[in-house]
Structures are given as structure tokens and as C-alpha cells.
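Student:
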Amino acid sequence: MPELSLLGLALLSDYTLRTVALGSAALGITSGALGTFAVLRRQSLLGDAISHAALPGVALAFLLTGSKASLVLVVGAALAGFLATLLVIGVVSTTRIKYDTALGIVLSVFFGFGLVLLTLIQRRPDASQAGLDRFLFGQAAALLQSDLVTMGILGGAALLLMLLAWKELKLLAFDEDFGTSLGFPMRALDVLLTALLVVAIVIGLQTVGVVLMAAMVIAPAAAARQWTDRLGTLAALAAGFGAAAGVSGAVLSSETERLPTGPTIVLCATAIVLVSLLLAPRRGLVWRELRGRRDRRKLRLAAVLADLRALELQHPGDEHGHSAGVLSVMSGGAEASLLELHRRGLVKRLGPDAWTLTDAGRTETSR
Amino acid sequence: MTSGQIEIQVLAVVVAVACALPGTFLVLRRLALVSDAISHSILLGIVLGFFVVGNVNSPLLLVGAALVGLLTVVLVGMLQRTGLVREDAAIGLVFPALFSIGVILISRYADGVHLDIDAVLLGELAFAPFDRLVFWGWDWGPTALTVMGTILALNVAAILVFWKELKLSTFDPGLAVALGFAPALVQYGLMSLVSLTAVGAFDAVGSILVVALMIAPPATAYLLTDGLGRLLGLAAGFGAASALAGYWLAYLLDASIAGAMATMAGAFFGLAWLLAPERGLLAAARRRARQRLEFAQTMLAIHLANHEGRPEAEIESRVGHLGEHLRWDADFATRIVGGAARRGLVVERGGSLELTPRGRELAADAVAR
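The listed protein sequences derive, respectively, from chains B and W. All residue numbers for the first sequence refer to our numbering, where the first residue is -18 and numbers rise by one. All residue numbers for the second sequence refer to our numbering, where the first residue is 6 and numbers rise by one.
#1: Excluding five sequence neighbours on each side, which residues of the same chain lie with their C-beta closer than 6 Å to the C-beta of M(-18) (chain B)?
#2: Mind reading off the beta-carbon distance from A154 (chain B) to R22 (chain B)? Whole number of angstroms is fine, and I expect it under 8 Å.
#3: Taking just the CA atoms, how far does G160 (chain B) sit from L186 (chain B)?
#4: Going along the region 268 to 279 of chain W in order, which residues come within less than 7 Å of chain B, judged by CB to CB distance?
#5: State yes or no: is the C-beta of G16 (chain B) within less than 9 Å of the C-beta of I199 (chain B)?
#6: Run through the DSSP bridge pairs and tell me what V199 (chain W) is partnered with.
#7: Report the CB separation of V310 (chain B) from L319 (chain B) in whole angstroms; it is logged as a contact under 8 Å.
#8: Would you mind giving the Cβ-Cβ distance between I51 (chain W) and L66 (chain W), rounded to the nearest angstrom? I have them listed as a contact below 8 Å.
#9: Does A181 (chain B) come within less than 9 Å of chain W when only Cβ atoms are used?
#10: May I ask you to verify whether the region 172 to 192 of chain B touches the region 37 to 55 of chain B, counting CB pairs closer than 8 Å and requiring at least 3?
#11: Give a yes or no on whether the minimum CB-CB distance between P282 (chain W) and chain B is below 9 Å.
#12: Buried or exposed for I379 (chain W), going by 16 or more other Cβ atoms inside 10 Å?
#13: Interface residues of chain W around K49 (chain B) at Cβ under 9 Å?
#14: The alpha helix (DSSP H) with G28 (chain W) in it runs from where to where?
#15: To be precise: take each residue of the region 205 to 233 of chain W, compare its Cβ to all Cβ atoms of chain B, and keep it if any distance is under 7 Å. Which residues remain?
#16: For L338 (chain B), list the residues DSSP reports as bridge partners.
#17: Quick one: what's got a C-beta closer than 6 Å to A37 (chain W)'s C-beta in the same chain, skipping five residues either side?
#18: Under a Cβ-count criterion, where at least 16 other Cβ atoms within 10 Å of its own Cβ denotes burial, should G313 (chain B) be classed as buried or exposed?
#19: Can you find a C-beta in chain W that's less than 9 Å from the C-beta of Q126 (chain B)?
#20: Taking a Cβ distance cut-off of 8 Å, strictly less, list which residues of the region 245 to 261 of chain B are near chain W, in chain order.
#21: Using the beta-carbon of each residue, which ones in chain B are nearer than 9 Å to V266 (chain W)?
#22: In three-state terms, what does DSSP make of L360 (chain W)?
#23: With 8 Å as the limit, tell me which residues of the region -7 to 25 of chain B have their beta carbon closer than that to any beta carbon of chain W; keep them in chain order.
#24: Return the CA-CA distance between V19 (chain W) and A224 (chain W), expressed in angstroms with no decimal places.
#25: How long is the line joining the alpha carbons of G54 (chain W) and L72 (chain W), rounded to whole angstroms?
#26: Using the beta-carbon of each residue, which ones in chain B are nearer than 7 Å to R91 (chain W)?
#27: Is there a Cβ of chain W sitting closer than 9 Å to that of K79 (chain B), yes or no?
#28: Hey, does I199 (chain B) have any beta-carbon neighbour from chain W nearer than 9 Å?
#29: Rounded to whole angstroms, how far is the Cβ of G62 (chain B) from the Cβ of A220 (chain B), which I believe are closer than 8 Å?
#30: Can you name the residues of chain W whose CB is closer than 7 Å to the CB of A203 (chain B)?
#31: Identify which residue in B:G302, B:L177, B:T346 and B:D(-5) has its Cα closest to the Cα of P333 (chain B).
#32: Indicate whether the contact test is met: 3 or more Cβ pairs, each with one atom in the region 260 to 278 of chain W and one in the region 301 to 311 of chain W, closer than 8 Å.
#33: What residue ranges within the region 171 to 252 of chain W form continuous alpha helix (DSSP H) runs of no fewer than 4 residues, ordered along the chain?
#34: Where do the N-terminal and C-terminal ends of the beta strand (DSSP E) with V352 (chain W) fall, by residue?
#35: Assign G107 (chain W) to one of two classes, buried (16 or more other C-beta atoms within 10 Å of its C-beta) or exposed (fewer than that).
#36: Counting only beta-carbon atoms, is I134 (chain B) nearer than 9 Å to chain W?
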């Protein structure tokens, strides 16, 4: 594959491309691994709320400090995202408003407020807002080495904390009540996990953008879920898928004119999901369809055999053939099944259209 | 106010009310985030429609976009029925994908046309008056106003005509099936309304604001009232109020109108959350405090009734003794005794408490229950 090795060479030599690829890999790994928990806990769309809610945080951080350093903006984003989560929890636990509505309100209101702030910044005389826009749809090509350091440290810390609290988080994901009964501080763990998710999301914002970051939380985990039933494998696989989607999308977009990064990464992730949904062994739709066909055929064969046996019992005495037509009336579509059974030596032909069981067939029906 | 300003405000109110009506049903049916999904994915519909029709102002574009919105719901349903992903994940997989395709198509093939992503995502209400509907040599006002007015009328008509179907399938889908209504049909009908409204509003105010206007005003109303009719009315009212307040906030700050409207919708929700007469945080806190006092007064009455007429009554009914027996600190005990005396449950004679007939009745009643 000459193209791939060319790409490999380019990755090694081109500074921008390397930065982009590393940054997107970091974002994919973190959001993939932590997204696993969000998806398992049916909180997939919390990621959507957090990422939209980060916008006013980014804008406020810039308004207050005047700095566009990614660490400052990311901290602002994280605080806003965390506040948004707390508000969602607060609304749900103190009113009769349901989770989805609370998410919808927080998501849209925070984002709207973020827009107000962005337009305010735009109208400032120094007009230095250029660069905040990329938080909407992401711009991988604008990643700097210093951004990489921020992303790496934050993402690494989040993953490390996740590994340290692995057992407890597993309990949280699968049996929260059991965890409480064992004396684990499940509420604190819930807050911790949310905080980690917030970190995973905000470090991806510069690359993917607030509008689409949610997909990077959901898609890798949803894809990985099709391949395994074990949490450890699931998180690792999701991280891998996330990295693959991130790198391929970011590289594609920075190598192609007018191909926005966020949407490209999201489509790469979607492609991984589609392949997984179709092809994953056991759960995949293709395998399921094949298995269904095999089972249906097996049932049809068994039905014809059973019918033949029933007819045989109704006509004791001499060997007596029965036509495919009669059998079709009993179970439908018997011709093909008879030929297959004949091939297997379970039925035999007494005349052109007269079938009866062989000894082997008789044994088969009495099993 | 210039006529342009008035037109923008009228349009904002019409958009807000048109969104709040179907939004109320989304909130009640726990489908709030479907508005998020639809409002994003219709971007793809608008782009595809634009490629086919070649004109951003064609009504065919609206229909095409609304169909893609409906397609989102269908895809989410299909994905969910495979049993491989849950509903929340299914929503989160479908709309980012459709939205991404839309964004990529725009930036690659529709550059320079009046279809830029910022306008589509964020909306720009301020430009609406410039696009006017003119025929038969007459200026009929902004095109967006005609479109949204039609959609609003359609929403009102659909809700009135299918009132009992919507109501029944929202509150008791099981009964709706049993009675022979078709909840699935109602569901898709509602989704068509949501989709069409989102498309119309999208052009004027952008996709995220559609979510804010569909969800926040109905949720605010939901904190304040019961009853579907009142809920719809109040939701429309809050929508209109958010629209007007948002317009003036944006005017004062010179900021995005759409964003300011969403902010005000959120502010109204926050106020209702805090101050709602029965369900607000303040009302709940006050109710809890009152219940705590009432409970303590009842405890006091039971305590006194228990020892009344017994040899130990002399000691047990002293105010200073309550701290030991009921584990109240002195301040709290004084407050409770004062409150109980005001309610006429006890009288204090020389530092010792005595039940009134009413207090005795309360104690007997509380114990019997």
C-alpha cells in the first residue's frame, strides 16, 4: 500500500500533520474510554449538553483573562461544563422535570448565552476573537505543540484517575445500589466520573468543536460495545476506535481543502459504528441475518421430516410414498427441503413424486 | 421603534409561540432531545434541497428539510429496534452524522451561496426584514414572517383538531392503543409538526435556539401549572416573553438576538425554578421549614399528653426539660413553645406547660393516626 506508507512518511516529517494526528489521537483515546461509561449508563447525551455548555465558559475565560492560551480556555470550558451538569442534576432532583428536558434546557440556554458572549467579543474594538470561532466546528490544523501538551496532560490525568478508580466506576456503571450497600461513596464517584467526562470533552473542543463533540463520546463506545461484553476490553477498544476516527478524520481534513475537521472526524467515527453494527461477530446485523436464515432452514427441514413421520404413522403397513404437494400443504415450500433431506440421506424417493423416510430419517425424528 | 424593529419582534414572537406549542408535547412525552436531533439534521435537508431546487427561498426546500427531520426520527427508531444501541445513544449517533454531512456539503459545494454555516447554525434574526415577500405589486412583509405565520397556524390547527388524540397518547399510550387510536401515527404526526416548525424557525433563528424555544418555555410552564390547555397557553406566553426580552437584551448589548432569546428563556426557567408557588425551590424550602415546626409542635403536644396527670408531670412539662427529653436545644425549644402557645395548643404557667383542650385533641389525633 504505497499511499499508506507515504502517509506514514508525511506523518513523521510534517510538523503540522504530526501535531494534528497526535492531538486527535489524544482526544479520541480519552473521549472513547470515558464515553464508554456514559453510554453504558444511558447518559450519552450528557456529553452533548456538556460540550454545548462549554461555549460560554470559553468565551468568559477569554473575556476575563484576555488570553487565548488553550489551558485558560479549556479550564473555562471545563468549569462551564461541570456547572451545566450540576444544574441538570439539580433540576432533575428538585422538580418534576425529566432528564431529557433538563439536558435540552441546559444545552440550548448555555449555548445561547455563549453566542451572546461571542458576539460581544466580536464587537470589541481590538477584535481579537479570531480563534474562538474554531470552538464551534473545530479546526485541527490550528493545533499547536503547546495545545498538545495541555491535551496530553489533562487527558492522561483523566485516564489515570479512571484506571485508579476502575473497580468503583465499574460498580457505578453496572450496579449502583450494590455499591451503596457496600459502603462506597457512589454520589462522589458519580461526580468524579462526570468531571472526568467533562475533561475528556473539553480537550476535544478545539479539534472537533462544541457542536459535534458529543459524537466522539458516543460513537466509539457504541461501536466497541458490539464487539465485546467485558468492560476492560470495551474501554480499550473504544479508545482505539476513538483514536482511529480522530486521526483519520483530522489528517483527511488538514490534507484536503475546505473539509472541516469536526464533521470529518464524526463521519469517520460513524463509519466505524456502521461497520461494527453490521459485521461484529454474534451481535452484528449481517451475522444475525445469516443465523436467522440458517435457523429458519433448519426448522423447515425438521418440519418436513416430522410431517413425513406423522403421515407414516397414519398409514401403517407397506412403505407408502407422499407427494411434495401434500407436504407443502402441511408446512409450506417442501420441495427444496425434500431435495436437501434426500441429499443428507434422511428421505428416499419411491416414485417421481413419492417420498418416505429412510431409517436414518426415522431415527432423526424420534430424537 | 422603527418598522424593522417591530417586524423583528413580531417575527420573534411568532417563532417562539410556534415552537412552544409542539415543544410542550415533546417535554411531556420525554422526547425533548428529539428537537435537538431534528434541528441539527434538517441542515442536511436544506443543503440537499438547495442542490435540487437551486434556490434557498423555495418552499420545496422547507418540505425537503422537514422530511429529513422526519427521517432522523425514523433512523433513530430503526437503530433502537436493532437492540444494539439504546435510545440515547441512537439519537447521539444519528444527528451528528447527518449534520456533519450537511456541513461538509456546504463547505465544499455551496461556498459563496447564501448558505453559510454560521448563519444556519446561529441564525440572524436581524436580517429577516430585508427579505420581503412582494407580489401583485404589494409588500406583504418579511418572507420569514409569512412562513412562520403559516406554520404557527398549522400547529394551532393540528393541536385543536387532534386534541383528544394528542392528549390521550401523551398521558396514557396504553389506553390509546386499547381504544383504537394509533399512537404511532400521532407520534409521527407530531414529529412532522416539530420538524416543519424547526425548519421554519431554523432559517430565522438557527438550530440551537430552536431547541431553547421548544424546550425551555414549556418546561417553565410545567413548573407552574397542570392541565394541558393551561400548559400550552403558558408555554406560548413564556415563549413570547423570552422573544421580546431577548430582543431588547440583544439590542442593549448589541449581541446575537437568537442567543439572547435563548438566554432569556433560560432566565425565565431559572426564575420559575426558584420562585414557582408550589414547586419552586423557595416554596419547597419554606414548606419543609413549616412542616418541621408543625411536627415539633405535635411532638410537644404528645409529650405533654403522655405525662399529663401523672406524678412526673411536674418535671416533664417544664420548658427547660424539653431539651433533655426531645433533644431540642434551648433556642429551638423556646421557638416551638412560643409557636404552640400562639396556635393555642399549650399555655405556660410559671415555667411549666399545660395542654389546652385543643392541644389535647391534636395529641390524641396524632397518636391515633
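Note that the Cβ used here is the ideal one computed from N, Cα and C, for glycine as well.
Tutor: Here's the rundown:
#1: The pLDDT assigned to M(-18) (chain B) is 42, lower than 50, so where the model puts this residue is not dependable, and the model offers no usable value.
#2: So it is a contact: roughly 6 Å between Cβ atoms.
#3: The alpha-carbon of L186 (chain B) is positioned some 33 Å away from that of G160 (chain B).
#4: Contacts with chain B (Cβ-Cβ distance below 7 Å) from the region 268 to 279 of chain W involve T268, A270, G271, F274 and W278, listed in chain order.
#5: Going by C-beta atoms, G16 (chain B) is nearer than 9 Å to I199 (chain B).
#6: Checking the DSSP bridge columns, you'll see V199 (chain W) has no partner listed.
#7: Not confirmed; about 14 Å, so no contact.
#8: Correct: roughly 6 Å between the Cβ atoms.
#9: A181 (chain B) does not count as touching chain W.
#10: Enough Cβ pairs lie closer than 8 Å, so yes.
#11: Not an interface residue.
#12: Within the shown structure, residues of chain W are numbered from 6 to 374, placing residue 379 (chain W) beyond reach of any answer.
#13: In chain order: nothing, as chain W lies at least about 19 Å away.
#14: From DSSP, the alpha helix (DSSP H) with G28 (chain W) extends over S8 to L33.
#15: Interface annotation for the region 205 to 233 of chain W against chain B: I213, L214, V216, A217, I220, A221, A224, Y227 and L228, criterion Cβ-Cβ distance under 7 Å.
#16: Per DSSP, B:V328.
#17: Same-chain partners within the cutoff: L31 and I220.
#18: That one is exposed.
#19: No, because no Cβ of chain W sits closer than 9 Å to the Cβ of Q126 (chain B).
#20: Result list: T245, V247, L248, T251, V254 and L258.
#21: Residue 266 (chain W) is actually Met in this sequence, not Val. The answer, in chain order, is G93.
#22: The answer is strand: DSSP assigns L360 (chain W) an E or B state.
#23: Within the region -7 to 25 of chain B, the residues whose Cβ lies closer than 8 Å to some Cβ of chain W are V20, R23, Q24 and S25, listed in chain order.
#24: Distance between the alpha carbons of V19 (chain W) and A224 (chain W): 19 Å.
#25: Looking at the two C-alpha atoms, the distance is approximately 10 Å.
#26: Contacts between R91 (chain W) and chain B, judged by CB atoms closer than 7 Å, involve R23 in chain order.
#27: Taking Cβ atoms only, chain W reaches closer than 9 Å to K79 (chain B), which makes this a yes.
#28: Answer yes: the Cβ-Cβ gap between I199 (chain B) and chain W drops below 9 Å somewhere.
#29: For a cut-off of 8 Å, the C-beta gap from G62 (chain B) to A220 (chain B) is around 21 Å, too long to register as a contact.
#30: Within chain W, the residues near A203 (chain B) are V90, A94 and L98.
#31: Distances from the CA of P333 (chain B) to each of B:G302, B:L177, B:T346 and B:D(-5) were compared; the closest alpha carbon is that of B:G302.
#32: Segments in contact, no.
#33: Under the rule that a run must span 4 or more residues, the alpha helix (DSSP H) segments found entirely inside the region 171 to 252 of chain W read 178 to 183, 188 to 210 and 212 to 229.
#34: Element bounds for V352 (chain W): V351 to R354.
#35: Flag for G107 (chain W) reads buried.
#36: No, I134 (chain B) does not count as interfacial toward chain W.
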